[in-house]
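Colleague: Residue numbers (this note's numbering): -8 to 302.
For glycine and all other residues, C-beta sits at the position ideal for the given N, C-alpha and C.
Keep in mind that this is a model prediction, so the values were computed, not measured.
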Amino acid sequence: MNVKCSLCGRRAVIRIGYAGVHLCEEHFSSYFERRFLEATRLLRMFERGERVAVAVSGGKDSLTLLYLMSKHADALGVEVVAVLVDEGIRGYREEKARAAEAYAKRWGVELVVKSFREELGFTLDEAVSALMEDGLRYKPCTVCGVFRRYLLNRAALELGADKLATAHNLDDEAQAFLMNALQANLPSIAREGPRSERVHEKLVPRVKPFYFIPEKEVLTYALLHGIESPPVECPYIVYSLRHPLRRWLNEVAERDPGVKHRVIALKNALAPLLDRGGPFRSCRVCGMPSSGEVCKACQLRQYIERILASR
Ligand code: SF4
C-alpha cells in the first residue's frame, strides 16, 4: 500500500474504511489495543482478581487474543490461562494445536488441552463418518460446536475460571447473526452478545473482547506482531452455511465498508426484544447447564454412540 498514514504521514499499513482513515503500523497498533482495552472496560468484561480462561484454537484470532490478554493481564488485574479443545480433525487440529502450545509457552501462559477422544470417547472425524452413514442428520460444524462449547465450559469450570474469553470478532458475529436469522433461531440471536451473565452455577460467563473489531483488523494486528498460524483449513468447512455467508458479506463490504457494523447494530437492537429461551436447569445426565431435561451435548453424544455401537 503506497498511501500515507492520516495521522503522521508515514507509510500506511491499513485502511479503516468505516472511519475513512489510513493508519501506519504504530498508529494502527495503538488504535487496535485501545479498542481492545476499551471494550473490556466499557462492557465490564473483567473484575480485578479474576481468573480468565482464554479459548484458543491455534488460529490467528485466538492467538492474538491470548497475546493481548497476557500482555495486558496486569493492567486488567486478571490471571490468564488458555484452553484448547482438540476435536480430532486429522491434518488440521494437530498443526493448529502445536502453534497454540508454542505461543502459550512463549508468552508464559498455562495451556490446558481437552480432547474429544478423552472426554467423549470418539473424535470428530469418527463422529462425522458415523453420521454420514446415518444420512448426516447433523452437520459436522453443529456437532463440533456443541461439544466444543461444552468442553470449553467444563475446562473453564475445572480451572476455577471466572470468565471464558473467546476471540469472536465483528465478522464472526455478523455471520452468526445471519445464520441464526436464516434458521429462525431467535433465542440464539437474543442470547449471543459481547458478554453473558452467570445464568447457571456451572456456566462460566463468556466475554468477547473483539466483538466490535473487524476480522481484517485482527489479522493485520497479528501480521504486524509476528503471530502466525499454520495455513491449514478444516476439511468440514465446506458443509457450513457460514462459508458462503462469509464470502457474500465480504463482497458486500467491499462496496459498503460499514455494512458489518450495521448488521451488528441491527442484531443488538433486536436481541432485547426476543425471547431468550430457558431458564437453564441442570442436565439429568451430566449435571451441566441445559435448556431441556437433557443437554444438547448428552443427546448428541448418545446418538453418536448408538450409531458407533451398531456398526
Ligand atoms: Fe469445527 Fe466446523 Fe470449525 Fe471445522 S469448520 S473446526 S468442524 S466448527
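If distances are taken between C-alpha atoms only, which option among Asp162, Pro131 and Glu70 comes closest to Glu99?
Modeller: As a first step, residue 99 must be located in the sequence shown, where it is residue number 108. Residue identity differs from the one stated: residue 99 is Gly in this sequence, not Glu. Looking at the Cα atoms, Glu70 is the closest of the given residues.
Colleague: Answer yes or no: the CB of Ser282 versus the heavy atoms of ligand 1, is any distance below 7 Å?
Modeller: The residue you call residue 282 lines up with position 291 of the sequence shown. No, ligand 1 has no heavy atom inside 7 Å of this Cβ.
Colleague: Ligand 1 heavy atoms versus the CB of Gly136: any closer than 7 Å?
Modeller: Here residue 136 refers to the residue found at position 145 when the sequence shown is read from its first residue. Yes - ligand 1 has a heavy atom lying nearer than 7 Å to the Cβ of Gly136.
Colleague: DSSP has Ser106 in a bridge; who is on the other side?
Modeller: Numbered from 1 along the sequence shown, position 115 holds the residue referred to as residue 106. Asp77.
Colleague: Taking just the CA atoms, how far does Val74 sit from Leu215?
Modeller: On the sequence shown, position 224 is the one that residue 215 refers to. On the sequence shown, position 83 is the one that residue 74 refers to. Roughly 25 Å separates the two Cα atoms.
Colleague: On the DSSP letters alone, give me the boundaries of the beta strand (DSSP E) that Ile5 sits inside.
Modeller: Sequence index remark: in the sequence shown, residue 5 carries index 14 (1-based). Run containing Ile5: Ala3 to Ile7, per the beta strand (DSSP E) assignment.
Colleague: Less than 8 Å separating the beta-carbons of Val254 and Phe168?
Modeller: On the sequence shown, residue 254 is found 263 positions in, with the first residue counted as 1. On the sequence shown, residue 168 is found 177 positions in, with the first residue counted as 1. The answer is yes: Cβ separation under 8 Å.
Colleague: Would Phe271 and His191 be called neighbours here (beta carbons separated by less than 8 Å)?
Modeller: By one-based count along the sequence shown, residue 271 stands at place 280. By one-based count along the sequence shown, residue 191 stands at place 200. It is a contact, given that the beta carbons lie within the stated cut-off.
Colleague: Using 8 Å as the threshold, is the stretch 50 to 68 in touch with the stretch 133 to 141, meaning 3 or more CB pairs across them?
Modeller: Judged by Cβ distances under 8 Å, the stretch 50 to 68 makes no contact with the stretch 133 to 141, as fewer than three pairs qualify.
Colleague: In the structure shown, what three-state DSSP assignment does His13 receive?
Modeller: Within the sequence shown, residue 13 is the residue found at index 22, counting from 1. Residue state, collapsed to three classes: strand.
Colleague: According to DSSP, which residues form a beta bridge with Lys154?
Modeller: Taking the first residue of the sequence shown as 1, we reach residue 154 at position 163. Looking at the DSSP assignment, Lys154 forms a beta bridge with Val43.
Colleague: I'd like to know whether the C-beta atoms of Pro221 and Glu86 end up nearer to each other than 8 Å.
Modeller: Taking the sequence shown and counting its residues from 1, one reaches residue 221 at position 230. Taking the sequence shown and counting its residues from 1, one reaches residue 86 at position 95. Yes, the pair counts as a contact, with Cβ atoms nearer than the cut-off.
Colleague: Nearest-angstrom Cα distance between Ser282 and Tyr227?
Modeller: On the sequence shown, residue 282 is found 291 positions in, with the first residue counted as 1. On the sequence shown, residue 227 is found 236 positions in, with the first residue counted as 1. Straight-line Cα distance between these residues: approximately 27 Å.
Colleague: Buried or exposed for Arg237, going by 16 or more other Cβ atoms inside 10 Å?
Modeller: Counted from its first residue, the sequence shown places residue 237 at position 246. By the 10 Å Cβ count, Arg237 comes out buried.
Colleague: Within this structure, are the beta carbons of Leu257 and Leu177 separated by less than 8 Å?
Modeller: What you label residue 257 is simply residue 266 of the sequence shown in a count that begins at 1. What you label residue 177 is simply residue 186 of the sequence shown in a count that begins at 1. No.
Colleague: What does the Cβ neighbour count give for Pro185, buried or exposed, with the cut at 16 atoms within 10 Å?
Modeller: Position 194 of the sequence shown, counted from the first residue, corresponds to residue 185. Its Cβ being crowded by 16 or more others within 10 Å, Pro185 is buried.
Colleague: Name the one or two DSSP bridge partners that Glu70 has.
Modeller: Residue mapping note: residue 70 aligns to position 79 of the sequence shown, counting from 1. DSSP lists Arg42 as partners of Glu70.
Colleague: Identify whether Pro205 lies in helix, strand or coil by the three-state DSSP scheme.
Modeller: Along the sequence shown, read from residue 1 onward, the residue named residue 205 stands at position 214. It is coil, neither helix nor strand.
Colleague: If the criterion is Cβ atoms closer than 8 Å, does the pair Arg42 and Ala152 meet it?
Modeller: Here the question's residue 42 lines up with position 51 in the sequence shown. Here the question's residue 152 lines up with position 161 in the sequence shown. Cβ atoms of Arg42 and Ala152: closer than 8 Å.
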